[in-house]
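S.K.: Input: one structure, supplied below.
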Amino acid sequence: MDLLKAIQNDVLKQKEEETQNQFSSVADFREFILASHPSADVSVSLTMCCLHSERLHGDHGTRVTLVDAAQRD
């Protein structure tokens with residue numbers, strides 16, 4: 413039972429680490445890659461969410477829009 417509990421805890425810890433926001437910009441990600449010096453056979457990928465926020469007229473709140481960076485105007 414201890415082994416099962418240890419495995420469950422490891423899986424939960426891994427899921428928690430996967431959901432953390434480690435990088436707030438592409439520059440931060442590049443710095444991480446440069447500092448970690450991955451070997452040539454390591455592939456690194458990054459998925460980022462781009463947001464555009466604006467204050468609404470008359471101080472009636474904030475509008476947040478997801479932006480598709482691939483389809484810029």
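In short: position in the sequence shown from 1, add 412, done, that's this note's numbering.
The beta carbon of each residue, even a glycine, is placed where N, CA and C say it ideally should be.
Please read all numbers here as calculations on a predicted model, not as lab measurements.
Please report how far the alpha carbon of residue 473 lies from the alpha carbon of residue 464, in whole angstroms.
M.R.: Near 14 Å, if we compare the C-alpha coordinates of residue 464 and residue 473.
S.K.: Which of the three DSSP states, helix, strand or coil, is assigned to residue 448?
M.R.: Looking at residue 448 - three-state DSSP - the assignment turns out to be helix.
S.K.: Suppose the cutoff is 7 Å on Cβ atoms and the five residues either side in sequence are ignored; what does the same chain contact list for residue 441 look like?
M.R.: Excluding sequence neighbours, residue 441 sits near 435, 458.
S.K.: Beta strand (DSSP E) containing residue 465: first to last residue?
M.R.: Segment 462-467, the beta strand (DSSP E) holding residue 465.
S.K.: Quick check: what's the CA-CA separation for residue 437 versus residue 419?
M.R.: Answer to the nearest angstrom: the Cα atoms are 33 Å apart.
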